[in-house]
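Enquirer: Here the sequence shown is numbered in our numbering, starting from 68 and rising by one per residue. Just so you know, even glycine gets a beta-carbon here, dropped at the ideal spot from N, CA and C. Just so it is clear, the structure is predicted and the values come from calculations on it, not from any experiment.
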Amino acid sequence: MTRRYVILLLGIAVFAAVFARLVEGRFPWSAPSETPRAIPNVSDGAPASTGPIIYYRDPDGRPAYSLAPKKTSAGKDYLPERASEEVSFEDKPPLVPAARGERRVRFYRNPMGLPDTSSVPKKDSMGMDYIPVYEDESQDASTVTISPGKLQKTGVRSEPVERRTLSVPVRATGRIEFDPRRISIVSLRFEGFIESVEKFVEGDYVRKGQPLMRIYGPNVSSAAAEYVAVLKTRRGEAIEAAGIEAARLRLRNLGLDDDAIAAIARARSVPHHILWRAPQDGHILERTALNGMRAAPGDMLFRIVDHSVVWVLADIAERDIALIAPGQKVDVRPRAYPDRAFKGQVALIYPHLNMETRTARVRIELPNPDGLLRGDMYADVDIAAGGNEKALTVPESAVIDTGKRQVAIVDKGEGRFEPREVKIGRRGEGFVEIKSGVNENERVVTAANFLIDAESNLKAALRALDQGEAGK
């Protein structure tokens with residue numbers, strides 16, 4: 068054996084000794100005791116677990132659970148989990164005693180609304196935490212407190228109560244008619260004959276004073292002769308004035324206008340015929356006068372209508388009558404011009420309802436300077452009901468209507484909410500008028516308010532249950 072080989076073996080032995088020493092220092096070996104040492108479940112000073120055992124969990128922290136006592140493959144017992152122990156996958160802050168002045172928990176209630184309470188924190192069969200009920204909550208019966216986390220999950224939103232002009236559009240269907248005060252009938256008060264008719268036909272527009280026809284009547288000629296005779300007779304001034312006025316009055320009673328009487332006075336002769344003129348501006352809707360025809364007293368010879376102002380007669384539902392008042396602005400859209408709105412206003416609400424349709428008729432006066440609106444047209448009517456006065460309003464989604472009462476949830480800040488019964492009025496444009504119950508600038512819940520209302524009803528039921536148990 069050479070010297071080099073001996074040195075190599077000696078080096079290997081020294082390396083093996085050093086490696087063994089290092090392994091022994093890092094992983095010390097200890098002889099197992101005859102009795103295994105129990106691993107404590109909770110640290111010293113932690114509160115003892117109470118309540119029934121819900122399940123058993125793996126002692127080594129693995130995600131393994133059992134409803135009955137069980138051992139691991141290594142022979143270790145599964146650890147029991149009781150009802151009072153907190154089970155959560157989130158880091159919880161350490162439990163510290165409540166400082167003076169902080170809120171104190173009175174009891175814990177079932178999160179699903181079941182009539183079950185507990186004096187200590189616990190979970191239900193689905194693993195949901197029982198909800199704490201604080202002492203100050205039991206004193207304030209009208210306030211519901213919700214944690215910030217639940218508020219964020221449920222999407223609760225609130226808006227301020229404001230005063231605004233509430234326009235309530237009332238929609239109806241109407242029909243255009245002519246204003247009877249702007250219609251004139253041309254007829255005679257005496258029996259006469261039409262010598263000639265001017266070249267006017269139905270649909271033509273005439274001006275006031277334009278000649279329509281020439282009339283001969285024996286009664287008119289007799290009255291005109293008497294008038295001329297009075298004008299030619301010279302007597303005393305008083306007698307002459309009285310006679311002239313009486314003769315002129317007789318001609319007026321026969322239907323002659325001042326221009327025709329003045330023409331007779333200037334000519335000082337009885338005219339063969341009388342020039343009959345148009346009594347007003349307008350369109351000729353009807354013409355029955357013909358050349359040479361005999362006209363009896365009262366026969367309609369012409370019907371003239373002024374279209375500068377027309378009526379729209381709309382039928383309003385019985386429930387909307389209280390919203391309508393004379394003077395309100397109206398937008399009228401005829402079916403013939405659906406893209407054009409004509410501005411008018413309510414002139415009259417008729418005093419009687421239609422028994423068959425249960426509607427009230429509303430008269431709307433509408434200017435028609437261009438003559439586009441024609442009789443018997445159908446039109447859609449939008450009445451801006453409500454006036455210009457500002458009212459206290461909230462969004463429609465803020466009011467919970469149960470049929471018998473209306474409730475709004477007032478946001479008092481810091482997760483505190485108070486249900487209040489309110490009295491509502493008009494509705495329109497997504498808002499509702501509040502007559503009582505909330506004040507201006509208070510905030511009301513507009514989203515998830517049904518959940519808060521359910522929370523409030525549950526709290527009231529639990530309070531009644533708690534009071535009933537206390538009285539036993």
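Using a Cβ-Cβ cut-off of 6 angstroms (strictly less than) and excluding sequence neighbours within five positions of residue 473, which residues of its own chain qualify?
Expert: 466, 489, 491, listed in sequence order.
Enquirer: Leaving out five residues before and five after residue 79 in sequence, what residues of the same chain have Cβ atoms less than 6 angstroms from its Cβ?
Expert: None.
Enquirer: Return the chain-ordered list of same chain residues with a C-beta closer than 6 angstroms to the C-beta of residue 408, the five sequence neighbours on each side being excluded.
Expert: Around residue 408: 398, 400.
Enquirer: Tell me which residues share the same chain as residue 251 and place their Cβ nearer than 6 angstroms to its Cβ, disregarding the 5 neighbours each side in the sequence.
Expert: The answer, listed in chain order, is 346, 347, 371.
Enquirer: Under three-state DSSP, which class holds residue 478?
Expert: Strand.
Enquirer: Please confirm if residue 482 has its CB atom under 8 angstroms from at least one CB of chain C.
Expert: Of the protein chains in this structure there is only one, and it is not chain C.
Enquirer: Measure the alpha-carbon distance for residue 392 versus residue 244 and round it to whole angstroms.
Expert: C-alpha separation (whole angstroms): 21 angstroms.
Enquirer: For residue 315, I'd like the list of residues in its chain whose CB is within less than 8 angstroms of its CB, leaving aside the five on either flank, ordered along the chain.
Expert: Closer than 8 angstroms at the Cβ level, and outside the excluded window around residue 315, lie 294, 328.
Enquirer: Short of 8 angstroms in beta carbon distance, which residues of its chain neighbour residue 337, apart from the five on each side in sequence? Order them along the chain.
Expert: If we look at residue 337 and ignore the five residues flanking it on each side, its Cβ neighbours are 288, 291, 292, 295, 331.
Enquirer: Are at least three pairs of beta-carbons, each pair with one atom in the segment 427-442 and one in the segment 378-392, less than 8 angstroms apart?
Expert: With the cut-off at 8 angstroms, the segment 427-442 and the segment 378-392 touch.
Enquirer: Counting only the same chain and skipping the five closest in sequence on each side, list residues whose C-beta sits under 6 angstroms from that of residue 249.
Expert: Same-chain partners within the cutoff: 373.
Enquirer: Using 8 angstroms for Cβ pairs, my map puts residue 458 next to residue 504. What's the rounded Cβ distance?
Expert: Rounded, the Cβ-Cβ distance is 14 angstroms, inconsistent with contact.
Enquirer: Could you pull out every residue in the same chain whose Cβ sits closer than 6 angstroms to the Cβ of residue 415, ignoring the five residues on either side in sequence?
Expert: 430.
Enquirer: Using CA coordinates, which residue listed in 187, 210, 126 is at the minimum distance from residue 479?
Expert: Of the candidates 187, 210, 126, the one whose C-alpha sits nearest the C-alpha of residue 479 is 210.
Enquirer: To test your reading of the DSSP string, which unbroken beta strand (DSSP E) runs of 3 or more residues are found completely within the segment 236-320?
Expert: Complete beta strand (DSSP E) runs here, min 3: 250-253, 259-264, 278-283.
Enquirer: Could you check which residue in 297, 449, 387, 320 has the C-alpha nearest to that of residue 309?
Expert: Taking only the C-alpha atoms, the option nearest residue 309 is 297.
Enquirer: With a threshold of 7 angstroms on Cβ separation, who are the neighbours of residue 432 within its own chain once the five nearest residues in sequence on each side are excluded?
Expert: Closer than 7 angstroms at Cβ, skipping near neighbours: 376, 378, 411, 412, 414.
Enquirer: Classify residue 137 as helix, strand or coil using the three-state DSSP reduction.
Expert: Here residue 137 sits in coil by DSSP.
Enquirer: Hey, residue 387 and residue 237 are a contact pair by Cβ (cut 8 angstroms); roughly how many whole angstroms apart?
Expert: The Cβ separation is near 5 angstroms, so the contact holds.
Enquirer: Which two residues bound the contiguous beta strand (DSSP E) that contains residue 510?
Expert: Residue 510 -> beta strand (DSSP E) spans 510-514.
Enquirer: In whole angstroms, give me the CA-to-CA distance for residue 356 and residue 261.
Expert: Each residue's alpha carbon lies about 8 angstroms from the other.
Enquirer: Quick check on residue 463: does DSSP put it in helix, strand or coil?
Expert: Of the three classes helix, strand and coil, the one that applies to residue 463 here is helix, per DSSP.
Enquirer: Pick helix, strand or coil for residue 507, following the three-state DSSP scheme.
Expert: Coil at residue 507, not helix or strand.
Enquirer: Which ranges does the beta strand (DSSP E) cover as unbroken runs of at least 3 residues, wholly within the segment 381-429, from first to last along the chain?
Expert: Counting only runs of 3 or more, we get 396-401, 409-421.
Enquirer: Does residue 220 come out as helix, strand or coil in the three-state DSSP assignment?
Expert: Three-state result, residue 220: helix.
Enquirer: In whole angstroms, what is the alpha-carbon distance linking residue 198 and residue 231?
Expert: Roughly 40 angstroms separates the two Cα atoms.
Enquirer: Check whether the Cβ atoms of residue 340 and residue 282 lie closer than 8 angstroms to each other.
Expert: In contact: residue 340 and residue 282 (Cβ atoms closer than 8 angstroms).
Enquirer: How long is the line joining the alpha carbons of residue 133 and residue 147, rounded to whole angstroms?
Expert: Residue 133 and residue 147: Cα-Cα distance of roughly 9 angstroms.
Enquirer: The beta strand (DSSP E) spanning residue 441 covers which residue range?
Expert: Per DSSP, residue 441 belongs to no beta strand (DSSP E) and is neither H nor E.
Enquirer: For residue 240, count the other beta carbons within 10 Å of its own beta carbon; 16 or more makes it buried, fewer makes it exposed. Which is it?
Expert: With fewer than 16 other Cβ atoms within 10 Å, it is exposed.
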